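Here's the structure we're looking at; comments come further down.
There are 2 protein chains.
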Amino acid sequence: MPVPDEEIHPVATGAAASLVAARKTPVGKDGVKFYSGWFCPFNQRTWMALEEKAIPYEYVEINPYKKEPSFLKLNPKGLVPCLESNGIPLAESSILVEFLEDAYPSTRKLLPDSAEQKALARMRIDLVAKKCVPAYMRLLQAQTHDAQREARAEYAAALKEFASYLDGNKGPLHGGKDIDAVDIALAPWAGRQYIIENNRGGKLTAQETGEKYQEWYKAILSHPTLLKTMSDAEHYEPIYGRYLRDEAQSEAAKALRAGRVIP
Amino acid sequence: MPVPDEEIHPVATGAAASLVAARKTPVGKDGVKFYSGWFCPFNQRTWMALEEKAIPYEYVEINPYKKEPSFLKLNPKGLVPCLESNGIPLAESSILVEFLEDAYPSTRKLLPDSAEQKALARMRIDLVAKKCVPAYMRLLQAQTHDAQREARAEYAAALKEFASYLDGNKGPLHGGKDIDAVDIALAPWAGRQYIIENNRGGKLTAQETGEKYQEWYKAILSHPTLLKTMSDAEHYEPIYGRYLRDEAQSEAAKALRAGRVIP
Numbered sequence: 722m723p724v725p726d727e728e729i730h731p732v733a734t735g736a737a738a739s740l741v742a743a744r745k746t747p748v749g750k751d752g753v754k755f756y757s758g759w760f761c762p763f764n765q766r767t768w769m770a771l772e773e774k775a776i777p778y779e780y781v782e783i784n785p786y787k788k789e790p791s792f793l794k795l796n797p798k799g800l801v802p803c804l805e806s807n808g809i810p811l812a813e814s815s816i817l818v819e820f821l822e823d824a825y826p827s828t829r830k831l832l833p834d835s836a837e838q839k840a841l842a843r844m845r846i847d848l849v850a851k852k853c854v855p856a857y858m859r860l861l862q863a864q865t866h867d868a869q870r871e872a873r874a875e876y877a878a879a880l881k882e883f884a885s886y887l888d889g890n891k892g893p894l895h896g897g898k899d900i901d902a903v904d905i906a907l908a909p910w911a912g913r914q915y916i917i918e919n920n921r922g923g924k925l926t927a928q929e930t931g932e933k934y935q936e937w938y939k940a941i942l943s944h945p946t947l948l949k950t951m952s953d954a955e956h957y958e959p960i961y962g963r964y965l966r967d968e969a970q971s972e973a974a975k976a977l978r979a980g981r982v983i984p
Numbered sequence: 722m723p724v725p726d727e728e729i730h731p732v733a734t735g736a737a738a739s740l741v742a743a744r745k746t747p748v749g750k751d752g753v754k755f756y757s758g759w760f761c762p763f764n765q766r767t768w769m770a771l772e773e774k775a776i777p778y779e780y781v782e783i784n785p786y787k788k789e790p791s792f793l794k795l796n797p798k799g800l801v802p803c804l805e806s807n808g809i810p811l812a813e814s815s816i817l818v819e820f821l822e823d824a825y826p827s828t829r830k831l832l833p834d835s836a837e838q839k840a841l842a843r844m845r846i847d848l849v850a851k852k853c854v855p856a857y858m859r860l861l862q863a864q865t866h867d868a869q870r871e872a873r874a875e876y877a878a879a880l881k882e883f884a885s886y887l888d889g890n891k892g893p894l895h896g897g898k899d900i901d902a903v904d905i906a907l908a909p910w911a912g913r914q915y916i917i918e919n920n921r922g923g924k925l926t927a928q929e930t931g932e933k934y935q936e937w938y939k940a941i942l943s944h945p946t947l948l949k950t951m952s953d954a955e956h957y958e959p960i961y962g963r964y965l966r967d968e969a970q971s972e973a974a975k976a977l978r979a980g981r982v983i984p
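Taken in sequence, the protein lines are chains A and B. Reading the first sequence from the start, the letters are residues 722 to 984 in my numbering. Reading the second sequence from the start, the letters are residues 722 to 984 in my numbering.
Rendered as structure tokens:
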């Protein structure tokens with residue numbers, strides 16, 4: 722019997738489907754091959770960076786629960802997101818964003834030039850990885866009322882800490898008026914915040930997250946690069962339903978359940 | 722009553738004490754101020770990178786369990802390792818190694834120039850952070866026979882995976898004949914492997930880790946930059962004794978006990 726996660730909708734829908742259709746042409750040495758799962762927030766980070774930087778790429782849909790032998794041959798662990806560049810498979814969403822910065826230096830920069838400011842940006846991306854994402858997943862998977870209340874407070878606190886690094890004078894985003902690598906690190910979870918709100922205690926208020934986060938959230942939620950990489954809400958629902966019932970079998974879900982690092 | 726971790730030996734000893742004595746001169750704008758805890762493996766990563774790259778720095782000892790108000794003013798979370806550069810406090814050991822690469826481009830490179838090879842190096846550093854270090858700490862803190870056996874197998878498997886990325890033709894280290902950022906990521910735990918071996922089931926054999934790891938271990942353990950940043954074994958013992966009895970109160974120890982990400 723297949724594990725339930727194998728039965729996800731096979732391809733992107735809505736806005737993301739149009740984007741995929743426009744990015745199916747092989748690009749050869751001029752760009753990269755992007756192996757992605759349409760529904761996965763980690764994939765969306767890399768996807769947003771590719772779009773923001775206008776790097777040529779070919780989109781290849783991968784169901785991470787039902788991997789094709791040809792993909793496993795290239796990338797034996799089968800991790801997505803994966804970028805293939807000059808025949809070399811690369812993984813880990815944040816590392817891929819850094820790779821795009823390094824490999825395409827003439828495209829729009831997503832990290833600051835100053836070494837100190839770049840380190841600060843990386844510290845904020847690290848905060849998203851170590852606090853925001855695990856707290857989001859813990860809240861999603863929490864089954865008892867107490868566990869949900871605790872996880873919600875933890876998620877709100879992580880968002881507040883993230884927002885403490887925003888400089889309102891430049892604009893609502895970390896990058897100011899436009900997004901940068903720090904915004905991209907958290908954006909996919911902003912795009913999925915409604916799932917928390919609909920199932921885990923209602924709207925995340927300014928009282929919980931602070932006002933600065935609310936401004937960031939509003940700005941990122943209407944950002945064209947987030948919007949064009951999102952599929953229709955109805956197709957996320959069955960996937961997140963499994964997380965909400967704590968039945969998901971993704972590597973991230975299993976790790977979190979076991980009290981381990983999200984791989 | 723102070724928590725036991727406050728009672729650690731206050732300063733570096735042995736080889737590390739000689740190095741500290743040679744690095745106490747303020748360096749001003751020509752270098753960085755390095756806030757460190759002598760016993761901490763994360764600090765040692767940054768320390769090794771500073772030494773390998775021959776960057777001017779001033780060593781400042783911080784007891785992370787008894788932080789000075791002046792340090793907390795600079796760095797409110799009080800995290801070590803911390804580098805102060807142009808008045809800006811920066812944290813997170815792997816981010817600090819990247820910072821030193823960015824800020825001192827004319828020093829010896831610890832990461833490859835090619836964008837793909839740099840991404841692969843970062844993926845291996847990520848493997849150390851997500852698999853090797855948590856497994857080491859889990860093994861250290863495991864109290865029952867079953868938990869120890871399981872954690873030891875997990876640590877050995879993580880080391881074997883790390884070693885699978887070594888290219889024996891270049892030399893025993895990831896960097897070949899000399900160390901690079903990937904070697905530095907794991908080196909401090911190699912320097913503390915004897916604690917596992919003395920307390921958690923004896924020597925880690927080639928049967929457990931594979932032969933390639935054994936060669937790496939031998940090479941890194943005799944590397945001058947690891948050796949000169951190590952203190953005398955007798956002063957690590959009371960610190961690690963608390964981990965071995967699962968009494969340690971460091972942020973990393975508490976996180977691991979609670980099934981959370983090591984901060």
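Yeah, the Cβ is synthetic: ideal placement off N, Cα and C, and Gly gets one too. Every value quoted in this text rests on a predicted model; they were computed, and no experiment measured them.
- In this structure, the straight-line span from the alpha carbon of A/P909 to that of B/E822 is close to 30 Å.
- Measuring C-alpha to C-alpha distances from A/A775 to each of A/P785, A/D751, A/G912 identifies A/D751 as the nearest.
- Here B/R859 is buried: its Cβ has 16 or more other Cβ atoms, across all protein chains shown, within 10 Å.
- Every beta strand (DSSP E) stretch that sits fully inside the region 778-832 of chain A and reaches 3 residues is listed by chain position as 778-782, 803-806, 809-812.
- CA-to-CA, the gap between B/M769 and A/S943 works out to about 45 Å.
- Excluding its 5 nearest sequence neighbours in each direction, A/G922 has C-beta neighbours in its own chain below 6 Å: R873, listed in chain order.
- B/D823 reaches chain A at A836, K839, A840, counting residues in chain order whose Cβ is nearer than 8 Å.
- If you draw a straight line from the Cα of A/G912 to the Cα of A/Y886, it is about 20 Å long.
- Listed in chain order, the positions of the region 798-812 of chain A with a beta carbon within less than 7 Å of a beta carbon of chain B are S806, N807, I809, L811, A812.
- Classified as exposed, B/P790 has fewer than 16 neighbouring CB atoms from the shown chains inside 10 Å of its CB.
- In the three-state DSSP reduction, A/Y756 falls in the strand class (E or B).
- Short of 8 Å from the beta carbon of B/N807, and not among the five residues preceding or following it, lie these beta carbons of its own chain, in chain order: K750.
- The beta carbon of B/E819 falls within 8 Å of a beta carbon belonging to chain A, placing the residue at that interface.
- The beta carbons of B/L841 and A/L811 sit closer together than 8 Å.
- At a C-beta separation below 7 Å, B/V982 has these neighbours in chain A: K851, P855, V982.
- In the structure shown, B/L887 adopts coil according to DSSP, grouped into three states.
- When beta bridges are read from the DSSP output, B/L894 appears opposite B/G897.
- Its Cα nearest to that of B/D904, the residue B/I941 stands out among B/I941, B/I917, B/E932, B/K975.
- Along the region 769-800 of chain A, none of the residues has a CB nearer than 7 Å to a CB of chain B.
- For B/P959, the enclosing alpha helix (DSSP H) stretches over residues 954-965.
- Under the Cβ criterion of 8 Å, A/D847 is counted among the residues facing chain B.
- With a cut-off of 8 Å on Cβ pairs, the region 790-806 of chain A is not in contact with the region 778-789 of chain B, counting fewer than three such pairs.
- For A/P747, the three-state secondary structure derived from DSSP is coil.
- With 16 or more other Cβ atoms inside 10 Å of its own Cβ, A/H895 counts as buried.
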